[in-house]
Amino acid sequence: MPAEFAKVLGTAAAGLLLACAAPVLAASEAAAAAPSAAPTAAPQHAAGYAPAQPGVQYGNAFAFRNLIPSPVLEQITTAQYRQMVQAAAQSHTLLPADNARVRRLRGFVDRLAPYAVKWNDRVKGWHWELNVVRSRGTRIVGLPGGKLLVDSGLLDRLRLNDNEWGVLLAHEMAHALREHAREGLGDMRVAATLGANPISSLYGLTEPLPALPDIAQRLAALRYGPTDETEADVIGGDIAARAGFDPRAAITLWDKLAAATRGDRAHGFIYAHPYDKRRRQDLLKRLGDWMPVYAKAIGKRVETLPPYAGISAVQRKTRLR
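Those letters in the sequence shown? Residues -26 to -1, 1 to 295, per mature numbering (1 follows the signal peptide of the UniProt record, and there is no 0), in order.
What follows is the structure, given as structure tokens:
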């Protein structure tokens, strides 16, 4: 992501947090004090995903996850997204809405979006947006609230087919659905004293919240961990298959991404989304779960589907732990 987009966030974001956090936190406190009328439904997790225990802390991530409710996080990231898009427009690096490549990617998101709801009930209130920024970079930022920002370098350097784009965008949507960016934001190193962070002082927090002016920089340098990648693979694969994208494209997609961006080091897609032989083998094993879903979505039987890039449609269904 171009460096200039990491400079657009200022005190406006802090004001937004103060404005929107107070009523939500107040409501949360009231709900906690009131007796529960009915048990809360457990969130749906991807098969093979084991969430971290709630008592385990990772730097500031634990505080950020528990003290910033999802509605507030979505408003913060949406405001950040708006500023990044506006900065791109002002610098004439934002591809227009009528650009053929923008229309193509937005069409894929429209196909995928209906199948995202099962993974996060809040998606019913999201408005998915995708914009493309002219850049030599090869990143995609996927944010809670349904906001996607794509570097044009991915379009220029990789000639992905429709199935590969469907799988890739579904993967990024999965990161947004599961709020994986939250961990990266929560891990920011902030001032050592509460007095250096007025938001923390205002709410009497024992651990300061991330310094908001640094959110853009953190988003630009975000790197997902293996657990996040596995979950995004599983959820994204399910979404893509249900939308009629061949999940076998995940293999060719990630092989292409690794070959094209590994040399970019910290600026490349594969740096942000680590990919190795173990993850590739995991994707191959999961095809047994995805292929029947895909075949049903396109009205075919699995055994009638032709090979894709040398990969058979008939895969043994394997339950991974």
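In this text, a Cβ means the ideal position worked out from N, Cα and C, and glycines have one as well.
Since the model is a prediction, treat every value here as computed from it, not as a measurement.
Can you give me the Cβ contacts of residue i inside the same chain, cut-off strictly under 6 Å, excluding the 5 residues immediately before and after it?
| i | result |
| --- | --- |
| residue 234 | 131, 132 |
| residue 87 | 102 |
| residue 218 | 271, 272 |
| residue 248 | none |
Please state whether the Cβ-Cβ distance between residue i and residue j is less than 8 Å.
| i | j | result |
| --- | --- | --- |
| residue 145 | residue 206 | yes |
| residue 113 | residue 44 | no |
| residue 216 | residue 285 | no |
| residue 246 | residue 140 | no |
| residue 51 | residue 99 | no |
| residue 254 | residue 225 | yes |
| residue 264 | residue 229 | no |
| residue 227 | residue 129 | no |
| residue 105 | residue 59 | yes |
| residue 201 | residue 256 | no |
| residue 143 | residue 79 | yes |
Look up residue i in the DSSP assignment and say whether it is helix, strand or coil.
| i | result |
| --- | --- |
| residue 34 | For residue 34, the predicted model reports a pLDDT of 42, less than 50, meaning its position is unreliable; a value from the coordinates is still stated below. Correct three-state label for residue 34: coil. |
| residue 115 | strand |
| residue 103 | strand |
| residue 142 | helix |
| residue 132 | coil |
| residue 196 | coil |
| residue 285 | strand |
| residue 122 | strand |
| residue 68 | strand |
| residue 242 | coil |
| residue 149 | helix |
| residue 43 | coil |
| residue 274 | coil |
| residue 82 | helix |
| residue 215 | helix |
| residue 74 | helix |
| residue 167 | Confidence in residue 167 is poor, its pLDDT being 30 and thus under 50, which makes the residue's placement too unreliable to answer from. |
| residue 94 | coil |
| residue 220 | coil |
| residue 227 | helix |
| residue 279 | coil |
| residue 249 | coil |
| residue 110 | coil |
Ignore the nearest five residues each way along the sequence and tell me which others in residue i's own chain have a CB closer than 7 Å to its CB.
| i | result |
| --- | --- |
| residue 110 | 127 |
| residue 220 | 137, 268, 282 |
| residue 66 | none |
| residue 117 | 51, 55, 150, 155 |
| residue 242 | 112, 235, 236 |
| residue 276 | 265, 266, 269, 287, 288 |
| residue 244 | 231, 232, 235, 236 |
What does the Cβ neighbour count give for residue i, buried or exposed, with the cut at 16 atoms within 10 Å?
| i | result |
| --- | --- |
| residue 272 | exposed |
| residue 278 | exposed |
| residue 210 | buried |
| residue 289 | buried |
| residue 85 | buried |
| residue 49 | buried |
| residue 72 | exposed |
| residue 250 | exposed |
| residue 252 | exposed |
| residue 152 | buried |
| residue 274 | exposed |
| residue 57 | buried |
Note down, in chain order, each residue of its chain lying with its Cβ closer than 8 Å to the Cβ of residue i, except the 5 sequence neighbours on either side.
| i | result |
| --- | --- |
| residue 280 | 287 |
| residue 83 | 102, 104, 122, 143, 147 |
If residue i and residue j are in contact, beta carbons under 8 Å, what's the gap, nearest whole angstrom?
| i | j | result |
| --- | --- | --- |
| residue 123 | residue 55 | 7 Å |
| residue 68 | residue 74 | Not confirmed; about 15 Å, so no contact. |
If we cut at 8 Å on Cβ distances, does residue i have a partner in chain C?
| i | result |
| --- | --- |
| residue 265 | Here there is only one protein chain, and chain C is not present. |
Please tell me whether, using a cut-off of 7 Å, the distance from the CB of residue i to the nearest non-hydrogen atom of the ligand FMN is below it.
| i | result |
| --- | --- |
| residue 225 | This structure lacks the ligand FMN, and indeed carries no ligand of any kind. |
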